Amino acid sequence: MTRDETPLNGRTDGGSTERRRSMTDAASGEQARAPPAGGDAQQARTAGETAADGAERLTVDPVTRISGGGSGALSATVDPASGTVTDSRFRATLFRGYESVLEGRDARDAVDLASRVCGDTGAVHSLSASMAVEMAADTPPPALGVWVRNMGQAAAFLYNIAGHLFLRAGPDYSAAMLDERNPDLLARAEDTSALRADVHGHETVGDIMAALDPVEGERYLEVIERARTVQQLISLPLGKFPHPSTAVPGGLTTTVDQTLLTQYFERLKNLADFAKTVPPLWDDLLDFMLEHREGFAEVGRAPANFLTCGAWDDPEAYDATYQGAPEWGRARLSPPGVVRDGDLETSDLQVIDRGIEEFVAHSRYADWADGPRRFDEAPAGGAISPNHPWNKATRPRPDGAGDGAYSWATAPRWDRTPMETGPIARQWVAARAGEVRHPLVDATGDGLTMTLPEVALPESSFRWDVPDRVNAAERLRATAYNLVYAGIGCYEALVETLEELKEGEAAVHSDLSIPAEGRSRGVAFAESGRGAVTHHVAIEDGALDTYQIITPSTWAASPTDPFDDPGPIEAAVRNTPLRDGRDAAAADLDLLRAVRSLDPCMVCAGH
8 MTRDETPLNG
18 RTDGGSTERR
28 RSMTDAASGE
38 QARAPPAGGD
48 AQQARTAGET
58 AADGAERLTV
68 DPVTRISGGG
78 SGALSATVDP
88 ASGTVTDSRF
98 RATLFRGYES
108 VLEGRDARDA
118 VDLASRVCGD
128 TGAVHSLSAS
138 MAVEMAADTP
148 PPALGVWVRN
158 MGQAAAFLYN
168 IAGHLFLRAG
178 PDYSAAMLDE
188 RNPDLLARAE
198 DTSALRADVH
208 GHETVGDIMA
218 ALDPVEGERY
228 LEVIERARTV
238 QQLISLPLGK
248 FPHPSTAVPG
258 GLTTTVDQTL
268 LTQYFERLKN
278 LADFAKTVPP
288 LWDDLLDFML
298 EHREGFAEVG
308 RAPANFLTCG
318 AWDDPEAYDA
328 TYQGAPEWGR
338 ARLSPPGVVR
348 DGDLETSDLQ
358 VIDRGIEEFV
368 AHSRYADWAD
378 GPRRFDEAPA
388 GGAISPNHPW
398 NKATRPRPDG
408 AGDGAYSWAT
418 APRWDRTPME
428 TGPIARQWVA
438 ARAGEVRHPL
448 VDATGDGLTM
458 TLPEVALPES
468 SFRWDVPDRV
478 NAAERLRATA
488 YNLVYAGIGC
498 YEALVETLEE
508 LKEGEAAVHS
518 DLSIPAEGRS
528 RGVAFAESGR
538 GAVTHHVAIE
548 DGALDTYQII
558 TPSTWAASPT
568 DPFDDPGPIE
578 AAVRNTPLRD
588 GRDAAAADLD
598 LLRAVRSLDP
608 CMVCAGH
């Protein structure tokens, strides 16, 4: 397959588009190479070996710090002469099969089944299923239902983002880690004053690093303790955590009253003060690393290619239709968009949707694109590709390693370009959009100013500037600032829910009616803390004819595509120089920092 065989919007009429640069082209000026050969690594450790050609083979399995049946495995080939990674592959090691499980089920079962895709971000999958089915069934929720749904979704962002910063990525920058890997840098950190200590309370950068120590560090333990409060915050509107019990197509079944809102506010105000300390803490830590750790700016380097579906609907705009998606998408508090080479290319959800394709050239699935096509066009018109999710068929192929397959993740692309999703995508798109609907968020084109109201700590404003490069440091910095954005999402949803109650509104859901005959389609354009989530559904005679899910980690952990472009994690690893000598086994920390800056959840990736 060539890149231009099916251009953007699925044209198959002989038209073509200009060939887009691959991620490796854009980042380093070199063509991406095929992944190294070899079978799956089974050891849960780091291993290095020297091949006959002198190259170092590095395998790290598992990679991530999140539990589940499959954690991701990294393989890299290192040139010992230059200390560079010449090839890499990132493998989703588990197939779970939820897309296959959902096919043929009653459409009303989708919400509860899809939630089980992940035990960490089950809320977004439950809400996504409800949004996809409500579009297919033409069942828009009432305004109160939209605001209460926003309360739950924004709270789930707080949980995911804090966990990423302090539990999954933070230990890579802890005093315990540096004491083992780079004691000289730790000593310098202990002698370096933290410029924002008056906000976050840590006198030196070394104190920040000590606070990130696994199991013992102050911030590590604080986030574990606060996780209980955030789970309660999520459960108030959504019923349970991690698998909501109140989400339904057309809204929620939550009983909303003053008591619920008071309980939500009491928890939110405590978390808001915590959020005010997070960007200053990470600014101090990352600024130190960039200044004093040679080569750190190159760790996880990648081009500025981002995709976000946006989050937190405005009920005055949201009508749950595909035809209205461009308008209600732009009205979201966190707007949707695609950024390519740093510039906003589109904020139209229909254009975003039509540009999505999934490929399986290096995945353990059989290709479906040459078979019968379900749909030629999107619901509002415009051609879609045979590789579009609405045309995809999930066909597991566990014996596919012989022809280059190495992962249970597919390779989603937008206009045949690998895309990052997540906090940095949301921040970048919102900044470039230039206008956000809430007065607490000021988008200026080159950055965002976000303000959290006074609680125990005074009102605080935070300025995030679009960075001049994308790397592990800037991903983590954007994540810290996006915690503030999510806090504003919680605050707005709470205030607007209260206003609805004052006006006498009580309905939180619309009655769902799925025709027993006929065919319809829906899609959820959603967002979790980790990034863009889409659920594409086709309903025929009341049952799910197809159900396709693309998670943030499917984008991030995707294998190399048919055009030889690596997925975002693979590209970030290839662009990371090895500082600690030429011994691959001793130099893996920076590679893991690159991977963990994208926060992959491999349970989601191999759904």
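Residue numbers for the sequence shown follow this note's numbering, beginning at 8 and rising by one.
Think of the CB as a built atom: it goes at the ideal place given N, C-alpha and C, for glycine as much as any other residue.
None of these values were measured; they are calculated from a predicted model.
* Asked: Taking the C-alpha atoms as reference points, what is the distance between Thr451 and Gly441?
  -> Rounded to whole angstroms, Thr451 to Gly441 spans 5 Å at the Cα level.
* Asked: Does DSSP put Ser181 in a helix, in a strand, or in coil?
  -> In the structure shown, Ser181 adopts coil according to DSSP, grouped into three states.
* **Cβ contact check for the segment 306-318 and the segment 534-543: 3 or more pairs under 8 Å** => Short answer: they touch.
* Close beta carbons around Ser467, own chain, < 6 Å, minus the five adjacent residues each side -> Only Lys283, Leu459 meet the Cβ criterion.
* To do: Compare the Cα-Cα distances from Asn312 to each of Ala579, Ile215, Leu551, Arg600 and report the closest residue.
  => Nearest in C-alpha terms to Asn312, of all of Ala579, Ile215, Leu551, Arg600, is Ala579.
* To do: Give the range of the alpha helix (DSSP H) segment to which Trp154 is assigned.
  => It spans 150-170 - the alpha helix (DSSP H) in which Trp154 sits, taken as one unbroken run.
* To do: Assign Trp435 to one of three DSSP states: helix, strand, or coil.
  => Looking at Trp435 - three-state DSSP - the assignment turns out to be helix.
* To do: Return the residue from the list Ser535, Ser517, Glu301, Pro569 that minimises the CA-CA distance to Gly257.
  => If you compare the alpha carbons of Ser535, Ser517, Glu301, Pro569 with that of Gly257, the shortest gap goes to Ser517.
* Since I believe Ala161 is in contact with Ala500 (beta carbons under 8 Å), could you give me their beta-carbon distance rounded to a whole number of angstroms? => Their Cβ separation, rounded to whole angstroms, is 6 Å, which keeps Ala500 and Ala161 in contact under 8 Å.
* Asked: Are Val602 and Val70 closer than 8 Å when you measure CB to CB?
  -> Going by C-beta atoms, Val602 is nearer than 8 Å to Val70.
* Asked: Which whole runs of the alpha helix (DSSP H) in the segment 55-137 are 4 residues long or more, in chain order?
  -> 105-109, 117-122, all fully within the segment 55-137.
* Apply the 10 Å Cβ neighbour rule to Glu298 and answer buried if 16 or more other Cβ atoms are within range, or exposed otherwise. => It is exposed - the Cβ of Glu298 has fewer than 16 other Cβ atoms within 10 Å.
* To do: Give the single residue among Pro584, Asp453, Val436, Met457 whose Cα lies nearest to the Cα of Pro446.
  => Nearest to Pro446 by alpha-carbon distance, out of Pro584, Asp453, Val436, Met457, is Met457.
* To do: Kindly give me the distance between the Cβ atoms of Gly111 and Leu519, rounded to whole angstroms, as I take these residues to be in contact under 8 Å.
  => Not confirmed; about 19 Å, so no contact.
* Asked: On the three-state DSSP scale, how would you describe Leu469?
  -> What sits at residue 469 in the sequence shown is Phe, not Leu. Here Phe469 sits in strand by DSSP.
* Asked: Is the segment 321-329 touching the segment 420-437 in the sense that three or more CB pairs, one from each, lie closer than 8 Å?
  -> Judged by Cβ distances under 8 Å, the segment 420-437 makes no contact with the segment 321-329, as fewer than three pairs qualify.
* Asked: Which class does Phe248 belong to by DSSP, given the choice of helix, strand or coil?
  -> Coil.
* Asked: Which of the three DSSP states, helix, strand or coil, is assigned to Val146?
  -> Residue identity differs from the one stated: residue 146 is Thr in this sequence, not Val. Thr146: coil per DSSP, three-state reduction.
* Asked: Near Ser137, which residues of its chain fall below 7 Å by C-beta distance, leaving aside the five closest residues on each side in sequence?
  -> By the criterion of a C-beta distance shorter than 7 Å, Ser137 is surrounded in its chain by Val118, Ala254, Val255, Pro256, once the five residues flanking it on both sides are discounted.
* Asked: Grouping DSSP H, G and I as helix and E and B as strand, with all else coil, what is Arg476?
  -> Looking at Arg476 - three-state DSSP - the assignment turns out to be coil, as it is neither helix nor strand.
* How long is the line joining the alpha carbons of Leu81 and Asp597, rounded to whole angstroms? -> Leu81 and Asp597: Cα-Cα distance of roughly 13 Å.
* In this structure, does DSSP put Leu459 in helix, strand or coil? -> Residue state, collapsed to three classes: strand.
* Evaluate contact between the segment 554-571 and the segment 90-98, counting only Cβ atoms and requiring at least three cross-stretch pairs below 8 Å. => Note that the segment 554-571 touches the segment 90-98; at least 3 beta-carbon pairs, one per stretch, sit closer than 8 Å.
* **Every unbroken alpha helix (DSSP H) within the segment 377-446, with a cutoff of 4 residues, ordered by chain** => Annotation note: the segment 377-446 contains the following uninterrupted alpha helix (DSSP H) runs of length 4 or greater, listed N- to C-terminal: 430-440.
* To do: Would you list the residues sitting across from Ile556 in a DSSP beta bridge?
  => BP columns for Ile556 point to His542.
* Tell whether a beta-carbon distance below 8 Å holds between Trp397 and His543. => A distance below 8 Å separates the beta carbons of Trp397 and His543.
* To do: State the beta-bridge partners of Val448 as determined by DSSP.
  => Bridge partners of Val448: Met457.
* Asked: With which residues is Ser565 paired in a DSSP beta bridge?
  -> Paired residues: none, contrary to the question.
* Go ahead and pull the three-state DSSP assignment for Leu356. => Residue state, collapsed to three classes: helix.
* Asked: Tell me which same chain residues have a C-beta within less than 6 Å of the C-beta of Glu464, skipping the five on either side of it?
  -> Inspection of the sequence shows that residue 464 is occupied by Leu rather than by Glu. Asp280, Lys283.
* Whole-angstrom Cβ separation of Gly336 and Phe532, contact assumed at under 8 Å? -> At roughly 7 Å, the Cβ-Cβ gap stays under 8 Å, so Gly336 and Phe532 are in contact.
* If you compare alpha carbons, which of Glu187, Pro190, Met216 is closest to Ala201? -> Comparing Cα-Cα distances from Ala201 to each of Glu187, Pro190, Met216, the minimum goes to Met216.
* Considering only C-alpha positions, which residue in the set Glu210, Leu109, Asn167 is nearest to Pro249? -> Out of Glu210, Leu109, Asn167, Asn167 has the C-alpha closest to the C-alpha of Pro249.
* Asked: Are Arg103 and Val306 touching if we call contact CB-CB under 8 Å?
  -> Contact flag unset, no.
* Asked: Excluding five sequence neighbours on each side, which residues of the same chain lie with their C-beta closer than 6 Å to the C-beta of Arg404?
  -> Residues of the same chain with a CB within less than 6 Å of the CB of Arg404, apart from the 5 flanking positions on each side, are Arg371, Tyr372, Ala373 in chain order.
* Short check: CB of Arg361 to CB of Ala385, under 8 Å? -> In contact: Arg361 and Ala385 (Cβ atoms closer than 8 Å).
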